[in-house]
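Beneath this line is the structure, given in structure tokens, with notes to follow.
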Amino acid sequence: MLTTVKKCLLDFYHDEEGASGIEYALIAAMVAVVIASVSTPIRTAVSTIFTKISTQLTNAAT
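So the numbering used here is basically just the index in the sequence shown, starting at one, shifted up by 250.
Laid out in structure tokens, this is it:
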């Protein structure tokens, strides 16, 4: 039983798929920032979304 748990934890530690997802999310965020800087309506919408996300993260942390 203990070796199974140890194996699962080691597999989780060595798994790099989550890192790829984070990288894609960062790329998508950078593209959104570039698009937002070009167009005023899009800039307002993206700013609102990021403000909501920031507020929710702040509320979740407290």
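Ideal Cβ positions, reconstructed from N, Cα and C, are used throughout, including at glycine.
With respect to the C-alpha of A282, the residue from F300, I272 and G271 having the closest C-alpha is F300. A distance of 8 Å or more separates the beta carbons of I292 and I303. Out of N309, D261, A279 and T308, the CA that lies nearest to the CA of V296 is found in A279. When DSSP states are grouped into helix, strand and coil, T312 belongs to the coil group.
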